[in-house]
Amino acid sequence: MKYFLGILCLYLLSLFSVQAQELLENRSTFYAYTGTSGANLSQFNALLVDRGYSPLVNRYRSYGLGYQVRMNDFIGGFELSQHQGTPSEIDGLRLDYRSSRAMLNLGYSLTEEGKFQLIHYLSMGLGYLNFQMLPKKQEKNLDAFLADPGKGIILRKNDIQKGTTYFGNFLTEIGFQLSYDLPIPHRKEALVLVAKAGYAFSPFEENWKLNGVNFDNAQAGAFFRVGTGISLPDRNFFYKDASLGIALIRGFHFSKPAQFNSYLERNGYSPLEGRPSNLGLRILGETDGLLYGVDVYNLSMKGKASPTQSHSLNSLRVYANTGIKFFQYKNLAFGALGGLGYGNLRYTLTQDLKPSFPQALDRPHFDGYLRNFGIFFKPELTLEFGIPVTKRKFFDVLVSGSLGYEQAFPGFKLGGLSMNSFQSGPYYSLGVGIRP
């Protein structure tokens with residue numbers, strides 16, 4: 084994923100440079116959305132029907148975050164999304180699939196700059212696919228889980244639960260976007276309402292094959308999405324006293340699953356070594372010294388649990404941030420942020436070798452999975468330096484560093500064991516991005 088985000092930055096850099104001498108208007112926007120899509124998993128459904136089971140519902144729900152920059156009529160942007168299938172039940176196991184996508188958006192506005200926007204766009208990106216059959220109820224005792232983890236089956240392609248850099252396999256979307264600006268009382272920003280419709284697909288046949296079954300349609304289908312967010316249209320700003328930027332962030336955490344590792348070793352498994360790190364995305368806006376935005380990142384550890392098994396421990400975290408900028412001198416700025424977020428915690432223990440379908444469907448007793456979720460708080464100090472790129476200083480390349488502390492609330496548990504030593508603790512992060 085880090086290489087894909089690098090390509091995004093390079094593209095926007097080149098596009099800004101080409102347009103810099105003739106730009107009249109620009110706007111930057113970030114938004115959240117939800118929606119629904121269709122996905123008929125015909126090959127897998129045929130296996131289910133042959134065994135007397137009902138086929139999976141051909142629909143999945145989408146949730147995502149997006150960032151977009153408009154330069155006159157040209158559009159560049161980025162979206163990060165999660166797609167959740169409709170679960171079914173087979174012999175007491177919950178059958179489900181989900182996928183994630185990181186997409187670069189390129190488009191053209193069919194309307195003049197104003198409150199109403201109509202955009203035609205093409206998206207290109209990378210993805211992750213997870214298919215699983217697991218018990219509906221989790222084991223409540225960690226020792227009991229580790230003694231007999233093989234309660235289901237988990238199949239993954241481009242496993243981001245091992246780390247965000249595992250994103251892979253090419254995906255595309257094509258569609259139209261409608262948006263409309265609503266004024267926010269006593270603020271220069273606009274509240275933007277967004278609707279998107281189009282078609283998502285994997286352009287390469289059998290690109291998402293798992294254990295002999297084609298899951299390409301889990302990444303495909305016509306979609307409709309609606310959302311809302313914040314936009315900074317040029318018409319609201321006499322001077323450029325507002326900004327909205329996007330950055331790739333790399334974080335290093337001073338936490339460790341020490342007690343969890345002792346349980347692993349006690350049950351004959353190798354511990355998870357080192358300390359967790361993350362790779363994610365920050366969207367940060369500023370208006371008259373007020374900071375606001377969103378962080379999304381994936382904290383992860385992985386390794387070999389035994390000669391025949393692998394395991395991973397990861398936590399996806401999404402923060403809404405707000406704060407103030409204390410100090411600004413030329414291109415150097417110093418500020419403080421406070422974040423309220425949602426996060427999960429997932430431990431996966433899998434067999435390295437599993438049979439192909441339909442054998443795997445008939446005897447799904449290979450893998451184990453524990454999960455939990457909760458709320459996070461964090462205070463953070465941040466320092467950033469902007470490097471103007473064009474002569475007209477239309478946008479900056481941002482280099483930033485942050486220092487903070489995360490606190491999980493309430494304490495996360497897996498199998499009755501507190502995971503606070505992994506979920507809470509100090510961290511520092513580095514970031515590189517762009518700000519129009």
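With positions in the sequence shown counted from 1, the corresponding number in our numbering is that position plus 83. Just so it is clear, CB atoms sit at the ideal spot from N, CA and C, and this is done for glycine as well. Please read all numbers here as calculations on a predicted model, not as lab measurements.
Per DSSP, Phe298 lies in no alpha helix (DSSP H) and is assigned neither H nor E. By the C-beta density criterion, Asp242 is buried, having at least 16 other C-beta atoms within 10 angstroms. With 16 or more other Cβ atoms inside 10 Å of its own Cβ, Ser164 counts as buried. Within the same chain, Cβ atoms closer than 7 Å to the Cβ of Phe440 are found at Leu130, Asn294, Gly295, Val296, the five residues on either side in sequence being excluded. Secondary structure of Lys234 (DSSP, three-state): coil. If the five residues before and after Pro268 are omitted, its C-beta is found closer than 7 Å to no C-beta atom of its own chain. For the alpha helix (DSSP H) assignment, the uninterrupted runs of no fewer than 4 residues enclosed by the segment 173-258 are, from N- to C-terminal side, 225-230. The shortest C-alpha to C-alpha distance from Gly197 to any of Ile366, Gly175, Leu261, Arg349 is the one to Leu261. Between Lys219 and the set Met186, Leu209, Asn188, Glu172, the nearest pair of CA atoms involves Glu172. Setting aside the 5 residues that flank it on each side, Phe468 is surrounded in the same chain by Asn414, Leu415, Val482, each with a C-beta closer than 7 Å to its C-beta; the list follows chain order. Across the set Tyr346, Tyr191, Gly508, the C-alpha of Tyr346 shows the shortest separation from the C-alpha of Leu355.
Classified as exposed, Glu289 has fewer than 16 neighbouring CB atoms from the shown chains inside 10 Å of its CB. With at least 16 other beta carbons inside 10 angstroms of its own, Ala185 counts as buried. Per DSSP, Ala115 is one residue of the beta strand (DSSP E) stretching across 109-120. Taking 8 Å as the upper bound for CB-CB distance, Gly246 and Ser383 are in contact here, some 5 Å apart. Counting along the chain, no alpha helix (DSSP H) covers Asn397; the unbroken beta strand (DSSP E) around it starts and ends at 392-412. Within the segment 406-485, the runs of alpha helix (DSSP H) at least 4 residues long that lie entirely inside it are, in chain order, 442-445. For Arg349, the enclosing alpha helix (DSSP H) begins and ends at 341-349. The shortest C-alpha to C-alpha distance from Val309 to any of Ser120, Gly363, Leu193 is the one to Ser120.
Distances from the alpha-carbon of Gln342 to those of Ser501, Asn252, Gly328 put Ser501 closest. Looking from the CA of Gln411, the closest CA among Gly376, Leu265, Leu466 belongs to Leu466.
Secondary structure at Ser501: strand, using DSSP grouped into helix, strand and coil. The alpha-carbon separation between Val132 and Asn141 amounts to approximately 14 Å.
Judged by DSSP in its simplified three-state form, Val140 adopts coil rather than helix or strand.
Leaving aside the five residues that flank Tyr425 on each side, the residues in its chain whose CB is nearer than 6 Å to its CB run, in chain order, Val401. Looking at the backbone, the Cα of Pro493 and that of Gly422 are separated by about 16 Å. Here Gln151 is near Asn188, since their CB atoms are less than 9 Å apart. For Asp378, the three-state secondary structure derived from DSSP is strand. His336 is bridged by DSSP to Tyr510. Taking the Cβ atoms as the reference, Leu217 lies roughly 6 Å from Arg177, within the contact range of under 8 Å. With fewer than 16 other beta carbons inside 10 angstroms of its own, Pro390 counts as exposed. In this structure, the straight-line span from the alpha carbon of Pro438 to that of Asn361 is close to 32 Å.
Around the beta-carbon of Gly149, 16 or more other beta-carbon atoms lie within 10 Å, marking it buried. Counting along the chain, no alpha helix (DSSP H) covers Leu355, and no H or E run does either. Collapsing the DSSP output to three states places Leu130 in a helix.
Scanning Ala491, Gly484, Pro519, Ser504 for the CA closest to the CA of Tyr511 turns up Gly484.
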